[in-house]
Amino acid sequence: FRGKLPQTSLLRDSRWYSVSHLSVKERIDKKRKAALIGGGQKRIDAQHKRGKLTARERVELLLDPDSFVETDMFVEHRCSDFGMEQDRNKFPGDSVVTGRGRINGRLVYVFSQDFTVFGGSLSGAHAQKICKIMDQAMTVGAPVIGLNDSGGARIQEGVESLAGYADIFLRNVMASGVVPQISLIMGPCAGGAVYSPALTDFTFMVKDTSYLFITGPDVVKSVTNEDVTQEELGGAKTHTSVSGVAHHAFENDVEALLNLREFFNFLECHDPSDRLVPSLDTIVPFESTKAYDMLDIIQAIVDEREFFEIMPNYAKNIVVGFARMNGRTVGIVGNQPKVASGCLDINSSVKGARFVRFCDAFNIPIITFVDVPGFLPGTAQEYGGIIRHGAKLLFAFAEATVPKITIITRKAYGGAYDVMSSKHLRGDVNYAWPSAEVAVMGAKGAVQIIFRGKDNQAEAEAEYVEKFANPFPAAVRGFVDDIIEPSTTRRKICRDLDVLASKKQVNPWKKHANIPL
Amino acid sequence: MAAHSLSPSLYRLLFAVKYASLHSRCCAVHKKAQYSTIYNPSEKTFEKILIANRGEIACRVIKTCKKMGIKTVAVHSDVDSSAVHAKMADEAVCVGPAPTSKSYLNMDAIMDAIRTTGAQAVHPGYGFLSENKEFAKRLAAEGVTFIGPDTHAIQAMGDKIESKLIAKAAKVNTIPGFDGVVKTAEEAVKIAQDIGYPVMIKASAGGGGKGMRIAWNDEETREGFRFSSQEAASSFGDDRLLIEKYIDNPRHIEIQVLADKHGNALWLNERECSIQRRNQKVVEEAPSTFLDSVTRQAMGEQAVQLAKAVQYSSAGTVEFLVDSKKNFYFLEMNTRLQVEHPITECITGLDLVEQMIRVAKGYRLQHKQEDIPINGWAIESRVYAEDPYKSFGLPSIGRLSQYHEPLNLSNVRVDSGIQEGSDISIYYDPMISKLVTYGATRSEALARMEDALDNYVIRGVTHNIPLLREIITHPRFISGDISTNFLPEVYPDGFKGHQLEADTRRELLASAAALYITAQLRSQRFLGELRVSSSPVECNHWELCVELGEQRHVLEITKSGNVYTVEVDGGEVEVSGQWDLASPLLPLTINSTHKMLQCLSRDASGNIVLQYLGTSFQVRVLSKLAAELNSYMPEKVPEDTSSILRSPMPGTMVAVSVKPGDTVAEGQEICVIEAMKMQNSLTAVKQAKVKSVHCKPGDTVGEGDLLVELE
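So the protein lines, in turn, are chains A and B. All letters in the first sequence, in the order written, are residues 20 to 536 by my numbering. All letters in the second sequence, in the order written, are residues 28 to 738 by my numbering.
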């Protein structure tokens with residue numbers, strides 16, 4: 020049938036296809052074309068020159084080929100002040116590209132701010148577009164990814180713009196714990212705008228081209244008289260190593276987007292679940308003061324040695340991140356003996372707590388590796404509120420109802436032992452390696468208290484070590500379920516996860532708990 | 028074998044269990060292939076032997092002891108408390124802290140260990156106390172048998188000067204040169220001038236390549252004297268030196284001898300050890316391609332003459348330099364088991380450790396000279412934890428995060444003292460293992476060595492497999508045209524790894540692309556994931572951009588089943604395989620030839636590091652879109668390193684020759700690092716003023732640590 024009839028002339032001549040339809044079609048094409056080039060070729064070139072991709076290029080690279088379904092391509096801003104109402108100041112789609120698509124087949128909702136249109140500034144329409152896809156994501160239960168590249172509020176719109184931010188914030192909060200939300204900062208993000216990424220589950224940044232700050236260097240200079248560059252104030256390095264605002268940073272736009280795809284992967288895997296890991300039998304040094312790298316343990320145990328670490332450069336005394344065990348996604352928390360002996364301090368407690376709560380919210384089992392000498396002492400910590408912050412980690416582990424598996428590799432001293440997903444906080448399976456020492460404190464300190472003023476300190480210390488510096492005190496009380504050979508750890512965890520897949524545990528009903536913020 | 032009928036998954040499990048167990052089990056399977064002599068259980072022997080060594084040689088000795096039903100005692104330093112040798116032995120005794128002078132050379136502690144464990148004999152292995160006459164004396168005084176020659180022979184052969192005089196008297200060919208103790212640099216220069224350049228300077232007390240330097244002029248003689256005497260002092264506690272004529276283009280060929288305490292001595296054929304770097308052996312083979320039976324017999328007989336002249340008993344090695352006209356000169360005699368003894372065991376079928384124990388117990392040799400065969404060909408590659416791209420090998424350290432020996436191949440023997448999870452530390456020799464392959468012919472043994480190197484999985488430390496594989500596949504090596512100058516002659520500008528040809532380059536690119544697609548396709552399969560597109564897009568054609576080095580290639584890939592057909596640079600490559608992304612090995616069939624690649628790393632940004640033909644290549648695979656967009660990404664400028672001196676290896680600072688404010692000339696020594704018993708002088712890259720110094724003598728430094736900043 021097709022091909023025989025001259026289709027175009029048929030359409031043109033048909034009575035019910037009017038002239039006005041034609042002009043509408045032309046207008047549609049024109050608008051679509053305009054939307055695709057955003058702020059125009061000149062601004063696109065400028066964007067490229069800065070080493071940045073355009074909003075659309077980013078979306079295209081992030082999503083599976085041909086999977087992007089755009090919404091609100093025709094939305095325009097509604098501002099009529101300061102000449103904004105003129106046609107040349109109207110851009111179809113305004114300064115954000117929104118829609119849904121797939122990452123390796125998985126549905127995600129995406130917004131990508133377009134720096135080429137009014138510097139990506141947020142208008143009422145811009146905010147409305149973002150809110151729309153967030154609402155849709157909530158309805159179907161799909162993750163939301165925001166690619167942020169915006170100069171801030173659309174000043175011409177005034178309070179309209181601020182209202183827009185608040186609308187987004189509210190949705191961020193409502194979606195929190197319902198669908199995963201990820202922000203990738205790919206340009207400036209300043210002022211009130213920073214609170215949207217801050218409310219999402221994960222904030223990633225691009226090195227050298229992205230900034231996050233409440234106020235820029237100029238305002239800082241005028242208010243506090245500090246001289247600081249954008250990079251120092253709110254660059255990727257600052258936020259991933261000093262402030263802890265961002266969870267990861269990537270080299271450039273392309274790498275960031277490719278890694279974000281990887282982050283979304285839930286793989287089927289052929290790494291045998293019963294694989295023994297002989298290298299673990301020798302990893303914990305005999306001297307309890309000697310460090311080792313907890314990442315070595317984690318990588319050796321998880322599928323294919325693949326571990327997506329969250330906040331690798333911040334509070335390095337605790338390691339958190341995602342991996343797979345027999346194909347299942349798990350969250351991993353581990354004390355890092357290599358850094359500050361793996362002690363818990365303010366930053367590591369907060370880092371750990373937030374991660375544990377994310378896992379709990381999205382039903383991801385938590386595997387905890389414990390080698391912790393205790394909480395970090397000192398005025399800096401006490402004045403900083405280590406009590407309040409340490410309580411967050413305790414709270415997070417205690418309230419979590421997902422499968423919780425804990426392996427004590429060496430030290431589990433004092434209150435930190437309780438905190439680190441202990442049996443007492445409803446740990447489902449708690450193992451100890453033969454090198455484990457569960458005690459109130461190390462031998463030296465304990466002996467100084469128990470045998471205060473006595474001469475035979477060395478002898479007493481030996482006695483203490485014999486009694487407490489081993490896994491038995493915990494094992495005889497059932498505080499650990501078993502003492503296992505390190506090389507069998509992977510096998511055991513995989514089996515336990517199989518069993519725990521059907522775990523059901525409910526906390527008492529409440530409006531919400533009151534985590535010590 | 029029952030294993031052949033097992034299901035693949037069960038087989039994999041068995042495989043894992045095999046690696047999990049100690050090496051003794053794996054080697055038990057292969058022992059039959061190497062030893063033809065049969066142990067006689069009715070022959071009474073020692074009840075308990077202490078092995079005064081560590082690493083692979085300690086494990087090697089323990090294996091034979093187990094076979095002979097002898098209980099074993101290992102000694103170890105504190106850092107070695109969970110080392111393989113300590114776990115393999117029936118008993119293990121800690122003899123001190125990590126530095127060798129405080130543990131493995133600590134005679135008092137070792138004597139204590141002997142007393143407390145009641146060991147009747149001591150096997151010293153090689154290095155450490157193996158040629159220490161003082162140790163042998165102390166053992167004798169306590170009535171403990173030293174498994175090695177008598178003190179007299181150790182003393183006679185341990186001294187380079189005396190050994191030459193004895194050799195001369197025994198009518199053994201010796202090198203023209205000067206025999207005498209050298210006390211000062213000027214004396215060294217005078218002697219060197221008398222002999223005529225080039226000359227070789229080395230420690231009187233030491234064996235192997237340590238403390239050995241070659242000088243072509245007066246200046247180098249002075250420098251060589253200084254370095255050699257320092258090294259001799261730190262390694263042997265004896266700074267006497269020896270200077271002799273250096274034979275240009277020589278081969279290093281040694282004869283294994285075996286003698287008993289009843290005046291019988293045998294020569295067990297030769298070992299060709301010419302492939303060396305910095306006078307340390309890298310690849311050895313037995314027999315040598317160079318010797319004819321007449322030369323072999325002449326060398327063997329002279330070696331036996333020498334052994335008899337010193338009433339030698341036990342296993343020993345007489346080293347010769349052989350020139351291009353097959354003239355051979357006595358170099359030295361090593362009164363111990365050599366590192367490279369396994370290749371002799373392979374071609375003769377004798378278990379040398381067993382023979383040493385028998386001889387030490389006082390038994391006569393079981394064999395006659397005519398019983399000693401040359402069966403087939405054996406090659407040994409010394410696998411080191413070192414970076415072959417830095418002067419053919421600078422030590423590297425680290426933890427073996429993954430480690431699988433290629434023992435699944437037949438006719439492969441691996442002597443090692445480490446396992447997955449072991450640490451290669453700065454305190455000891457950086458040798459990972461001795462990889463020995465065996466074949467009816469040399470080409471068979473060489474082909475097996477290629478396979479074995481390709482199948483060897485080592486992760487966590489830099490290793491020299493790239494260099495080893497290049498050596499054994501080099502046309503000059505294959506034709507047997509080698510000398511001790513092989514490496515500097517073949518790689519005058521330093522070793523640069525395997526150089527890809529057009530076709531191997533295409534193969535590498537195609538394999539990387541196929542691996543990338545396999546990983547991409549797997550990402551689309553789900554486990555327990557409900558929200559999947561109901562109609563997944565079936566794709567079997569891709570266009571990818573692959574970067575290798577400076578070059579960028581566009582590849583067109585078509586997939587059907589497990590087979591990828593890749594069009595690249597106008598050629599077509601067909602790649603197929605099992606594509607197990609969890610395995611470090613990547614067995615592929617490329618254009619119907621089996622190739623073993625290894626995937627060293629793979630990341631989300633498309634970077635793939637593949638080991639192909641021994642060398643690792645970094646490749647970046649991007650989709651066409653990503654490659655296009657990647658061109659907008661800014662180049663990031665790396666740190667300017669010309670003003671910064673970083674430690675090229677982990678080690679200990681011996682000397683720092685500059686202080687802030689000094690002006691250094693290009694090439695001037697800035698500091699000296701000692702690592703793995705070698706002293707390495709670090710020099711300035713340019714003339715500049717020293718800005719800051721971040722190290723002091725005695726510091727322990729890691730690779731990449733900032734040492735000195737220039738302005």
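We put the beta carbon where it would ideally sit given N, CA and C, even for glycine. The structure presented is a predicted model; accordingly, all values stated were derived computationally and were not measured.
| query | Should G361(A) be flagged as near chain B, meaning a C-beta pair shorter than 8 Å? | reply | Not an interface residue.
| message | Run through chain A and tell me which residues come within less than 8 Å of N589(B), C-beta to C-beta. | response | Proximity of chain A to N589(B) at the Cβ level (cut-off 8 Å) is not reached, the minimal Cβ distance being about 14 Å.
| said: Below 7 Å on C-beta distance, what does L652(B) contact in chain A? | reply: The contacting residues are E79 and L80.
| If we cut at 8 Å on Cβ distances, does T727(B) have a partner in chain A? | No, because no Cβ of chain A sits closer than 8 Å to the Cβ of T727(B).
| With a cut-off of 8 Å, does the C-beta of Q551(B) fall near any C-beta of chain A? | Taking Cβ atoms only, chain A reaches closer than 8 Å to Q551(B), which makes this a yes.
| task | Have a look at the DSSP bridge pairing and note the partners of A313(B). | result | Looking at the DSSP assignment, A313(B) forms a beta bridge with A405(B).
| task | Identify which residue in F355(B), S443(B) and N80(B) has its Cα closest to the Cα of S157(B). | result | If we check each option's Cα against that of S157(B), N80(B) comes out closest.
| For the alpha helix (DSSP H) that A148(A) lies in, which residues bound it at each end? | Reading off the sequence, residue 148(A) comes out as Lys, not Ala. G143 to V159 is the span of the alpha helix (DSSP H), which, as asked, contains K148(A).
| task | Identify each residue in the region 121-135 of chain B for which the Cβ-Cβ distance to at least one residue of chain A is less than 9 Å, and report them in chain order. | result | Near chain A, meaning a CB-to-CB distance below 9 Å, no residue of the region 121-135 of chain B qualifies.
| query | Taking just the CA atoms, how far does L268(B) sit from D117(B)? | reply | When rounded, the separation of the alpha-carbon atoms in D117(B) and L268(B) is 41 Å.
| message | Which runs of the alpha helix (DSSP H) at least 4 residues long sit entirely within the region 194-238 of chain A? Give them in chain order. | response | Complete alpha helix (DSSP H) runs here, min 4: 214-218.
| request: Give the secondary structure of V349(A) by DSSP, where H, G and I count as helix, E and B as strand, and everything else as coil. | output: DSSP places V349(A) within a strand segment (E or B) once states are collapsed to three.
| Mapping DSSP to helix, strand and coil, what is V369(A)? | V369(A): helix per DSSP, three-state reduction.
| query | If you measure beta-carbon to beta-carbon, which residues of the region 54-67 of chain A are closer than 7 Å to chain B? | reply | Of all residues in the region 54-67 of chain A, those with a C-beta nearer than 7 Å to a C-beta of chain B are H67, reading in chain order.
| task | Could you give the DSSP three-state label for S603(B): helix, strand or coil? | result | It is a strand residue.
| said: Just checking: is the beta-carbon of V273(A) within a distance shorter than 8 Å of some beta-carbon in chain B? | reply: By this cut-off, V273(A) is an interface position.
| Min CB distance R280(A) to chain B below 8 Å | By this cut-off, R280(A) is an interface position.
| For chain B, is any of its Cβ atoms less than 8 Å away from the one on N123(A)? | For N123(A), the answer is yes, since a Cβ of chain B falls inside 8 Å of its Cβ.
| field | Exposure of D83(A), with buried meaning 16 or more beta-carbon neighbours within 10 Å | value | It counts as buried.
| message | In the DSSP output, which residue or residues are listed as bridge partners for I122(A)? | response | Beta-bridge pairing links I122(A) to R125(A).
| task | Determine whether the Cβ of T2(A) lies closer than 8 Å to any Cβ atom of chain B. | result | The question about residue 2(A) has no answer, for chain A in this structure spans 20 to 536.
| With DSSP run on the structure shown, which of helix, strand or coil describes P422(B)? | In the structure shown, the three-state DSSP call for P422(B) is strand.
| field | Alpha-carbon spacing of L514(B) relative to N354(B), whole angstroms | value | Distance from the CA of L514(B) to the CA of N354(B), rounded to the nearest whole angstrom, comes to 23 Å.
| query | Quick check: the region 340-356 of chain A against the region 386-398 of chain A, are there 3 or more CB pairs under 8 Å? | reply | Using a Cβ-Cβ distance cut-off of 8 Å, the region 340-356 of chain A and the region 386-398 of chain A are in contact, since at least three pairs of beta carbons, one from each stretch, lie closer than that value.
| task | Look at the alpha carbon of G102(A) and the alpha carbon of V239(A), and state the distance between them as a whole number of angstroms. | result | Their backbone Cα atoms lie some 31 Å apart in a straight line.
| query | Taking one C-beta from the region 419-430 of chain B and one from the region 478-488 of chain B each time, how about it: are there three or more such pairs within less than 8 Å? | reply | The region 419-430 of chain B is in contact with the region 478-488 of chain B.
| query | Which value, in whole angstroms, describes the spacing of the CA atoms of L286(A) and S550(B)? | reply | For L286(A), the predicted model reports a pLDDT of 43, less than 50, meaning its position is unreliable; a value from the coordinates is still stated below. Answer to the nearest angstrom: the Cα atoms are 6 Å apart.
| request: Identify whether F377(A) lies in helix, strand or coil by the three-state DSSP scheme. | output: In the three-state scheme derived from DSSP, where H, G and I count as helix and E and B as strand, F377(A) is classed as helix.
| message | So, with DSSP's three-state summary, where would you put Y184(A)? | response | DSSP places Y184(A) in the helix class (H, G or I) of the three-state scheme.
| query | Leaving out five residues before and five after K522(A) in sequence, what residues of the same chain have Cβ atoms less than 6 Å from its Cβ? | reply | Contacts found: P422.
| task | May I have a chain-ordered list of the alpha helix (DSSP H) segments no shorter than 4 residues that lie completely inside the region 268-328 of chain A? | result | Those alpha helix (DSSP H) runs which fall completely within the region 268-328 of chain A and span 4+ residues are 272-282 and 313-320.
| task | Kindly provide the ranges of any beta strand (DSSP E) runs that are 3 or more residues long and lie completely inside the region 603-659 of chain B, ordered along the chain. | result | Counting only runs of 3 or more, we get 612-617, 620-629, 634-639 and 642-650.
| task | Select from P415(B), I401(B), P457(B) and V216(B) the residue whose C-alpha is nearest the C-alpha of Y62(B). | result | Out of P415(B), I401(B), P457(B) and V216(B), I401(B) has the C-alpha closest to the C-alpha of Y62(B).
| request: Output yes or no for whether 8 Å exceeds the beta carbon distance between L637(B) and V646(B). | output: Yes, the pair counts as a contact, with Cβ atoms nearer than the cut-off.
| query | At what residue ranges does the region 111-154 of chain B contain a whole run of the alpha helix (DSSP H), taking only runs of 4 or more? | reply | Runs found: 111-115 and 134-144.
| query | P422(B): buried (16+ other C-beta within 10 angstroms of its C-beta) or exposed? | reply | Label assigned to P422(B): buried.
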